[in-house]
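These notes are about the structure you will find just below.
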Amino acid sequence: MGIVNVTPDSFSDGGAFLEPRAAIAHGYELVAEGAAILDVGGESTRPGAQPVDETTELRRVLPVLEGLADSGVQLSIDTFKLAVAEAALDAGATLVNDVTALRAMPEIAGLVADRGAELCLMHMLGEPRTMQEHPHYDEVVSEVKAFLEQRLAFAVAEGVPEERVLLDPGIGFGKTTDHNLQILHRLDELVALGRPVVIGTSRKSFLGRIAGRDVGARLGGTIATNVLALARGASVFRVHDVAPVADALAVAAATLAGRWRPTTS
Ligand code: HH2
Numbered sequence: 373m374g375i376v377n378v379t380p381d382s383f384s385d386g387g388a389f390l391e392p393r394a395a396i397a398h399g400y401e402l403v404a405e406g407a408a409i410l411d412v413g414g415e416s417t418r419p420g421a422q423p424v425d426e427t428t429e430l431r432r433v434l435p436v437l438e439g440l441a442d443s444g445v446q447l448s449i450d451t452f453k454l455a456v457a458e459a460a461l462d463a464g465a466t467l468v469n470d471v472t473a474l475r476a477m478p479e480i481a482g483l484v485a486d487r488g489a490e491l492c493l494m495h496m497l498g499e500p501r502t503m504q505e506h507p508h509y510d511e512v513v514s515e516v517k518a519f520l521e522q523r524l525a526f527a528v529a530e531g532v533p534e535e536r537v538l539l540d541p542g543i544g545f546g547k548t549t550d551h552n553l554q555i556l557h558r559l560d561e562l563v564a565l566g567r568p569v570v571i572g573t574s575r576k577s578f579l580g581r582i583a584g585r586d587v588g589a590r591l592g593g594t595i596a597t598n599v600l601a602l603a604r605g606a607s608v609f610r611v612h613d614v615a616p617v618a619d620a621l622a623v624a625a626a627t628l629a630g631r632w633r634p635t636t637s
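Take any residue in the sequence shown, count from 1 to its spot, add 372: that is its number in the working numbering.
Here's what the structure looks like:
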C-alpha cells in the first residue's frame, strides 16, 4: 500500500504533493514501483496535527482520486469523515481506511456496507492532537487486540461483511517506542483474529529513536519492521517508499517459503 499524502503538514512528506498534479504523478510512480493499493489522504494524523474541515479535505483528495481512477490499482481513502468517504467511493475508491475505527463517524459502516467496499479499522489511543502525551496501557497487545475485536464486531453488526474488514494496530498512534515494539513482536496474536492485518511503520519516529535517524533516513528501519511483520503474518504494508520495501518483501517471502518461481503475467 503506497501512501499519497495530499497535505501541507504530513510528518514526512507534508507539502510535497499538495498540488493535485504532483500527487497524481506520485501515485503513478508508486504503482510503477509495485504498489497494489494507493492510500490517499487529505488530513495529517501526525502527533499534534490540527483538524482539517470537510471542504478542505474534499478539495484535496477528490481531484487526486479522479486522476488515479485509471491507475489499475485499488484506491483507498484515508479519512474518518462520512462525507469524504462517500465522495471518495463515488470517485472510485473501494477501501475506506478509518484511523478512528468508526468511532468518529459510525455511519461510515453503513456506507461501506451499502457500497460493498472494504474497511480498514485502526487502533488509536486518544486523538492525534494529544495521543503521544504519556500513552499508558496495562498490557498493550491484549488491549489493542480487544479493541480491534470489538470494532470488528461493531462493523459486522452494522452490516459490513467480516470478509471485507482489515485490521491495523496503529503503530505510533498513542504508543511509546516499547508499545510499538511489543505489538510488532507479538503481531501473530493480532493475525489470529482472522482478518488481514495492515501495518504502518513507514518513517515513523520510533524507528528514528532506535537508529538515531531523522525522518528522511528511516528506510532501513522501515524495511526491518515490514519484513518482520510479514514473517509474523501481516498482509498489507503501508509505506512511502514502495520500491525498496516491495523488493525486501518479495525476497523475504521467497526466503520464508524456501522457494521462488517467476510470475508469468
Ligand atoms: N499511519 C498514518 C496515517 N494513516 N492508516 C493506517 N491504517 N495505518 C497507519 O499506520 C497510518 C494510517 C500516518 O502516516 P502518514 O500518512 O505518512 O502521516 P500523516 O498522518 O502525518 O499524513
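The beta carbon of each residue, even a glycine, is placed where N, CA and C say it ideally should be.
Taking the C-alpha atoms as reference points, what is the distance between H557 and V563?
For this step, residue 557 is matched to residue 185 along the sequence shown. For this step, residue 563 is matched to residue 191 along the sequence shown. Spanning the two alpha carbons is a distance of roughly 12 Å.
Per DSSP, what kind of secondary structure is S514 in: helix, strand or coil?
Counted from its first residue, the sequence shown places residue 514 at position 142. Here S514 sits in helix by DSSP.
Would you report the Cα separation of H612 and N598, rounded to the nearest angstrom?
Residue 612 sits at position 240 when you count from the first residue of the sequence shown. Residue 598 sits at position 226 when you count from the first residue of the sequence shown. Approximately 12 Å between the Cα atoms of the pair.
Which of helix, strand or coil does DSSP assign to I480?
On the sequence shown, residue 480 is found 108 positions in, with the first residue counted as 1. Of the three classes helix, strand and coil, the one that applies to I480 here is helix, per DSSP.
Whole angstroms is fine: what's the gap from K517's alpha carbon to E561's?
On the sequence shown, residue 517 is found 145 positions in, with the first residue counted as 1. On the sequence shown, residue 561 is found 189 positions in, with the first residue counted as 1. Roughly 8 Å separates the two Cα atoms.
Consult DSSP for G399 and reduce its assignment to one of helix, strand or coil.
Numbered from its first residue, the sequence shown carries residue 399 at position 27. Note: G399 maps to helix in three-state DSSP.
Can you determine whether any heavy atom of the ligand HH2 sits closer than 8 Å to the C-beta of N469, and answer yes or no?
As a position in the sequence shown, residue 469 is number 97, starting the count at 1. Yes, the Cβ of N469 comes within 8 Å of a heavy atom of the ligand HH2.
List the residues that DSSP assigns as beta-bridge partners of V456.
Start at 1 with the first residue of the sequence shown, and residue 456 comes out as number 84. DSSP, once it has assigned bridges, lists no residue as partnering V456.
May I ask which residues mark the beginning and end of the beta strand (DSSP E) holding D385?
On the sequence shown, residue 385 is found 13 positions in, with the first residue counted as 1. Unbroken run through D385: none, as it is neither H nor E.
Could you pull the DSSP bridge partners for D450 from this structure?
In the sequence shown, the residue the question calls residue 450 occupies position 78. DSSP lists G413, N469 as partners of D450.
Keeping to the same chain, check which residues put their C-beta closer than 6 Å to that of G406; ignore five residues upstream and five downstream.
Within the sequence shown, residue 406 is the residue found at index 34, counting from 1. Excluding residues within five positions, the ones whose Cβ falls inside 6 Å are V614, A618.
Specify whether the region 441–461 and the region 528–539 touch according to this definition: at least 3 beta carbon pairs, one from each stretch, less than 8 Å apart.
With the cut-off at 8 Å, the region 441–461 and the region 528–539 do not touch.
What span of residues does the beta strand (DSSP E) with V537 cover, start to end?
For the purposes of this step, residue 537 is identified with residue 165 of the sequence shown, where counting begins at 1. Counting along the chain, the beta strand (DSSP E) containing V537 begins and ends at 537–540.
Please work out which residues of its chain come closer than 6 Å, Cβ to Cβ, to T417, disregarding the five sequence neighbours upstream and downstream, and give them in chain order.
Within the sequence shown, residue 417 is the residue found at index 45, counting from 1. Hits under 6 Å: V471, P500.
Would the region 505–517 and the region 473–489 be scored as touching if the rule is three or more Cβ pairs under 8 Å?
The region 505–517 is not in contact with the region 473–489.
Should the region 396–414 be called in touch with the region 430–439, which here means at least 3 C-beta pairs below 8 Å?
Output reads yes: the region 430–439 touches the region 396–414.
Alpha carbon to alpha carbon, how far is Q504 from T427? Give it in angstroms, no decimals.
One-based indexing of the sequence shown puts residue 427 at position 55. One-based indexing of the sequence shown puts residue 504 at position 132. Roughly 27 Å separates the two Cα atoms.
Out of curiosity, what's the CA-to-CA distance linking T594 and F578?
Counting from 1 along the sequence shown, the entry for residue 594 is found at position 222. Counting from 1 along the sequence shown, the entry for residue 578 is found at position 206. Near 10 Å, if we compare the C-alpha coordinates of F578 and T594.
Using 9 Å as the threshold, is the C-beta distance between V570 and M496 below it?
As a position in the sequence shown, residue 570 is number 198, starting the count at 1. As a position in the sequence shown, residue 496 is number 124, starting the count at 1. Going by C-beta atoms, V570 is not nearer than 9 Å to M496.
If you measure from the CB of G544, is any heavy atom of the ligand HH2 nearer than 8 Å?
In the sequence shown, residue 544 corresponds to position 172, counting from 1. Flag set: Cβ of G544 near the ligand HH2.
If you measure from the CB of R585, is any heavy atom of the ligand HH2 nearer than 8 Å?
Within the sequence shown, the letter at position 213 stands for residue 585. Checking the Cβ of R585 against the ligand HH2 gives no.
Between which two residues does the beta strand (DSSP E) carrying E490 extend?
Locating residue 490 in the sequence shown gives position 118, where the first residue counts as 1. Segment 490–494, the beta strand (DSSP E) holding E490.
Under the DSSP definition of a beta bridge, which residues are partnered with G444?
Your numbering for residue 444 matches position 72 in the sequence shown. Answer is none; G444 lacks a bridge partner.
Considering only residues of the same chain and omitting the five flanking positions on each side of S607, which have a CB-CB separation below 8 Å?
Locating residue 607 in the sequence shown gives position 235, counting from the first residue. Contacts found: L538, P568, V569, V570.
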